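Colleague: I am attaching a structure below and will ask some questions about it afterwards.
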Amino acid sequence: MNSEKFKTGWIGLGKMGNPMSKQILKAGFPLRVYNRSSNKIKALETEGATSAKTIKELVEKTDVIFIMISNDEAVTEIFNQENGIFTAEVKDKIFINASTISPDLSIQLSEELKKKNSYYLDAPVSGSVKQAEEATLVSIVGGEKKIFEKVKSLLEAYSKKAILVGKNGVGNSAKLAVNTYLGILTQGLAEIIQFSRTKNVETEDLMEILNNSALGSTFGKIKGEAAIKENYNAAFTLEHLTKDLRLAQNSGFNHPVGNATYKSFSSAEKELGAEDVIAIIKKLGA
Numbered sequence: 006m007n008s009e010k011f012k013t014g015w016i017g018l019g020k021m022g023n024p025m026s027k028q029i030l031k032a033g034f035p036l037r038v039y040n041r042s043s044n045k046i047k048a049l050e051t052e053g054a055t056s057a058k059t060i061k062e063l064v065e066k067t068d069v070i071f072i073m074i075s076n077d078e079a080v081t082e083i084f085n086q087e088n089g090i091f092t093a094e095v096k097d098k099i100f101i102n103a104s105t106i107s108p109d110l111s112i113q114l115s116e117e118l119k120k121k122n123s124y125y126l127d128a129p130v131s132g133s134v135k136q137a138e139e140a141t142l143v144s145i146v147g148g149e150k151k152i153f154e155k156v157k158s159l160l161e162a163y164s165k166k167a168i169l170v171g172k173n174g175v176g177n178s179a180k181l182a183v184n185t186y187l188g189i190l191t192q193g194l195a196e197i198i199q200f201s202r203t204k205n206v207e208t209e210d211l212m213e214i215l216n217n218s219a220l221g222s223t224f225g226k227i228k229g230e231a232a233i234k235e236n237y238n239a240a241f242t243l244e245h246l247t248k249d250l251r252l253a254q255n256s257g258f259n260h261p262v263g264n265a266t267y268k269s270f271s272s273a274e275k276e277l278g279a280e281d282v283i284a285i286i287k288k289l290g291a
């Protein structure tokens with residue numbers, strides 16, 4: 006299978022799936038898409054994509070199938086539903102699952118697909134909507150090296166770096182580690198901003214100090230600016246981060262700072278779930 010001739014499919018056109026799939030088109034690969042809501046499909050059709058009426062149709066008319074949806078339950082559904090992936094002829098197909106899901110589910114799917122003579126990579130990404138739009142995500146990949154090398158050019162269509170970290174499931178484990186760190190950073194930033202405000206330190210001044218010190222980071226600049234402007238429009242929703250922290254807990258994470266971070270985000274999920282992760286600052290008092 007020559008990467009220059011890959012026929013690609015994409016399942017899931019949400020906040021991340023939509024801009025990521027556009028990068029596949031921009032890179033010159035034929036793209037067939039499936040999404041439950043047709044309005045998102047129509048927008049991509051104007052850019053050259055072809056739509057599929059069912060997941061089964063998409064799988065059978067493509068070589069490499071990307072999946073980018075929200076959670077374990079949704080991923081399980083697209084494999085097992087009527088006209089889902091497991092109802093299609095999947096021999097020699099390559100599935101790239103960019104969703105952040107449990108390592109155990111990735112291992113299970115890879116084993117089931119292997120029995121059907123097809124291939125699976127777990128390839129969650131680090132980055133948010135802006136990085137997807139700029140094709141500067143980092144793909145964190147678990148699976149066979151030969152399959153990774155075969156599709157690396159596709160991953161690089163939306164990634165500044167694609168890193169093979171181990172066998173199936175290891176990509177998801179690494180992503181859960183990354184997002185636990187993200188949660189800890191977000192909680193820490195919110196806490197120091199709130200503490201500083203109680204001591205009459207302007208948030209603008211605090212962020213100028215941080216951004217010009219060894220502690221400065223792109224993440225800190227973006228979320229600090231959001232806190233200053235009280236802009237909680239979601240680049241990455243609090244509920245999705247909480248889901249990832251929960252997956253890490255369920256996968257065996259048990260350390261004090263991460264555990265406390267999960268507890269904090271869990272308590273805020275119902276009220277603030279649809280807002281950006283930095284909205285956790287609202288739970289820290291005036």
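Residue numbers (this note's numbering): 6 to 291. Just so it is clear, CB atoms sit at the ideal spot from N, CA and C, and this is done for glycine as well. This one's a predicted model, so the numbers in the text were calculated from it and none came from an experiment.
DSSP state of residue 232, grouped into three classes?
Modeller: Three-state DSSP puts residue 232 in a helix.
Colleague: Skipping 5 residues on each side, what residues in its chain have a beta carbon closer than 7 Å to that of residue 138?
Modeller: Answer for residue 138: 24, listed in chain order.
Colleague: Given a threshold of 16 other Cβ atoms within 10 Å of its Cβ, counted over all protein chains shown, does residue 61 qualify as buried or as exposed?
Modeller: That one is buried.
Colleague: Excluding the 5 residues preceding and the 5 following residue 232 in the sequence, name in chain order all residues of the same chain whose CB lies nearer than 7 Å to its CB.
Modeller: Same-chain partners within the cutoff: 198, 208, 283 and 286.
Colleague: Compare the beta carbon distance of residue 143 and residue 128 with 7 Å and say whether it is the shorter of the two.
Modeller: No, the Cβ-Cβ distance between residue 143 and residue 128 is not below 7 Å.
Colleague: Measure how close the beta-carbons of residue 96 and residue 122 come, nearest whole angstrom, since I'm counting them as under 8 Å.
Modeller: Indeed they touch by this definition, with Cβ atoms about 5 Å apart.
Colleague: Bridge partners of residue 164, per DSSP?
Modeller: DSSP output for residue 164 lists 142 as bridge partner(s).
Colleague: Residue 22 by DSSP, collapsed to three states: which one?
Modeller: In this structure, residue 22 counts as helix in the three-state DSSP scheme.
Colleague: Does the region 265-284 come close enough to the region 235-246 that 3 or more CB-CB pairs lie under 8 Å?
Modeller: Yes, since at least three Cβ pairs between the region 235-246 and the region 265-284 fall closer than 8 Å, the two stretches touch.
Colleague: Taking residue 17 and residue 40 to be in contact with their CB atoms under 8 Å, please state how far apart those CB atoms are, rounded to whole angstroms.
Modeller: So it is a contact: roughly 7 Å between Cβ atoms.
Colleague: Is residue 13 helix, strand or coil by DSSP?
Modeller: Three-state result, residue 13: strand.
Colleague: Return the Cβ separation of residue 56 and residue 50 in integer angstroms, given the expectation that the two are a contact with Cβ distance under 8 Å.
Modeller: Contact flag correct, Cβ pair sits at about 6 Å.
Colleague: Can you give me the C-alpha to C-alpha distance between residue 29 and residue 141, rounded to a whole angstrom?
Modeller: Residue 29 and residue 141: Cα-Cα distance of roughly 13 Å.
Colleague: Can you check which of these residues, 132, 220, 106 and 114, is closest to residue 99 by C-alpha distance?
Modeller: Looking at the Cα atoms, 114 is the closest of the given residues.
Colleague: Under a three-way DSSP split, which group does residue 206 fall into?
Modeller: Coil at residue 206, not helix or strand.
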